[in-house]
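With numbering that gives the first Met the number 0 applied, the sequence shown covers 0 to 273.
Glycine included, each C-beta is placed from N, C-alpha and C at the ideal position.
Here the structure comes first, spelled out in structure tokens, and everything after it is commentary.
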Amino acid sequence: MNYRALCTDIDGTLLNSHRELSERTIQAIQKLDKQIPVILASSRMPAAMRHLQQQLGILHHPLICFNGGYVLDYSDGSDTPAIVDTIQIPAQLCAAIVAMAQNTAIHVSLYANDDWHAPRMDEWTEKEQRVTKVKARIADLPPILDSWHVAGTGAHKVMCMGPEDEIFEMAAQLEAQYADQIHIYRSKSTYLEIAPKAISKASALERVLTQHYSLDLSQVVAFGDNYNDIEMLRAAGLGIAVGNAREEVKAAADEVTLKSVEDGVAVAIEKYFL
């Protein structure tokens, strides 16, 4: 099969043990035919992905942010992208999630467009800033939620971080009450990421490929490691799980490459594209 596009998750898939791009990964992607779109698909916000695009030399390529809830097109070369798609969690539901975390040790952050709203500078905010290289906007959340309610908008992602037992309990409560409205995804034992039910990396990737490149999913190689990558790996022409992926992800993939810390994505790119 002559694959003509590449899409990859970031954390746990593309980055090394320092949460950075390795030199081998950078070189492999920079050696690709310039006609091949390289699309990053992540739960991250745009600002936490643009510096990676810059390192890879793909600043004009699309971004799939917030697991498909916010899709951006940078093809005109400017820093102000065209919005391909935007799907948010309504303000009222965001407020219910924030209220659920009251009287617990859980930190709740709200993400909308390219803004990260955190209620305080604590260990969770500091950790995320180090990992994503993005600064949070520290502010009380209720006024933000009120303004979203008036504007009829909401969050592209809600992230809850806290003790494992409280995160587990909150996930169970959200599943029981709102499973028909939101995706509830435990990216780590202490992290809970919440997104609109209507979105996925797979649907966002299909839209980008068909609208902007006249390609279909059978022509793309996709990489991932976690539950939110399964649908994308199944839909792709070639779905590849990294060696450190969850077993369910490996089972959904067509192939398993080396671990992310062993440059598994670069190894597969060299095998299929170079």
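Nearest neighbour of residue i, chosen from the options [CA to CA]
{"i": "A4", "options": "W115, T209, T256 and I181", "result": "T209"}
{"i": "I137", "options": "A104, A221, L173 and W115", "result": "W115"}
{"i": "S259", "options": "I105, K249, T12 and A203", "result": "T12"}
{"i": "Q176", "options": "E230, T24, L92 and D8", "result": "L92"}
{"i": "Q34", "options": "H211, A250, A234 and E254", "result": "H211"}
{"i": "A201", "options": "L51, D10, S42 and T79", "result": "S42"}
{"i": "N15", "options": "E254, L51 and P36", "result": "L51"}
{"i": "P80", "options": "R49, Q54 and G153", "result": "R49"}
{"i": "L216", "options": "N243, P36 and S186", "result": "P36"}
{"i": "R206", "options": "I9, M0 and I38", "result": "I38"}
Environment of residue i [buried if 16+ CB atoms lie within 10 Å]
{"i": "H17", "result": "exposed"}
{"i": "V130", "result": "exposed"}
{"i": "G151", "result": "exposed"}
{"i": "A135", "result": "buried"}
{"i": "S21", "result": "buried"}
{"i": "M44", "result": "buried"}
{"i": "I82", "result": "exposed"}
{"i": "P142", "result": "exposed"}
{"i": "A104", "result": "exposed"}
{"i": "E122", "result": "exposed"}
{"i": "V149", "result": "exposed"}
{"i": "A234", "result": "buried"}
{"i": "A250", "result": "exposed"}
Beta-carbon proximity of residue i to residue j, cut-off 7 Å
{"i": "A252", "j": "G236", "result": "no"}
{"i": "G223", "j": "L214", "result": "no"}
{"i": "L140", "j": "A170", "result": "no"}
{"i": "E163", "j": "T189", "result": "yes"}
{"i": "I86", "j": "P195", "result": "yes"}
{"i": "V133", "j": "A47", "result": "yes"}
{"i": "V220", "j": "Y73", "result": "no"}
{"i": "L144", "j": "A94", "result": "yes"}
{"i": "N66", "j": "N227", "result": "yes"}
{"i": "H60", "j": "G76", "result": "no"}
{"i": "E230", "j": "S199", "result": "yes"}
{"i": "D179", "j": "T24", "result": "no"}
{"i": "V264", "j": "T7", "result": "yes"}
{"i": "S108", "j": "A100", "result": "no"}
{"i": "W147", "j": "A90", "result": "yes"}
{"i": "H106", "j": "G153", "result": "no"}
Own chain partners of residue i with C-beta closer than 8 Å, once the 5 adjacent residues on each side are dropped
{"i": "L193", "result": "The sequence shown places Ile at residue 193, not Leu. Contacts found: I88, I96, K156, V157, M158, C159, L173, I181, H182, I183 and Y184."}
{"i": "E269", "result": "A27"}
{"i": "R113", "result": "Sequence inspection shows Asp at residue 113; the Arg mentioned does not correspond to that position. So the list reads M44, P45 and A46, once near-sequence residues are dropped."}
{"i": "Q128", "result": "K134 and A135"}
{"i": "Q54", "result": "L20 and I25"}
Other residues of its chain near residue i: CB distance less than 7 Å, five sequence neighbours each side excluded
{"i": "A98", "result": "none"}
{"i": "G56", "result": "Q29"}
{"i": "F167", "result": "none"}
{"i": "Q218", "result": "Y2, R3, A4 and G236"}
Residue(s) in a DSSP beta bridge with residue i
{"i": "P89", "result": "G153"}
{"i": "I198", "result": "None, per the DSSP bridge assignment."}
{"i": "M158", "result": "S108 and E192"}
{"i": "R136", "result": "H116"}
{"i": "D72", "result": "A81"}
{"i": "G223", "result": "A240"}
{"i": "K286", "result": "The structure shown does not extend to residue 286, since the chain spans only 0 to 273, so no value can be given for it."}
{"i": "A40", "result": "I63"}
Cutoff 6 Å; reference residue i; Cβ partners in own chain excluding five residues on either side
{"i": "F274", "result": "Only positions 0 to 273 of the chain appear in this structure, which leaves residue 274 out of reach."}
{"i": "Y69", "result": "T85 and H155"}
{"i": "A267", "result": "I239 and T256"}
{"i": "A203", "result": "I63, G67 and V70"}
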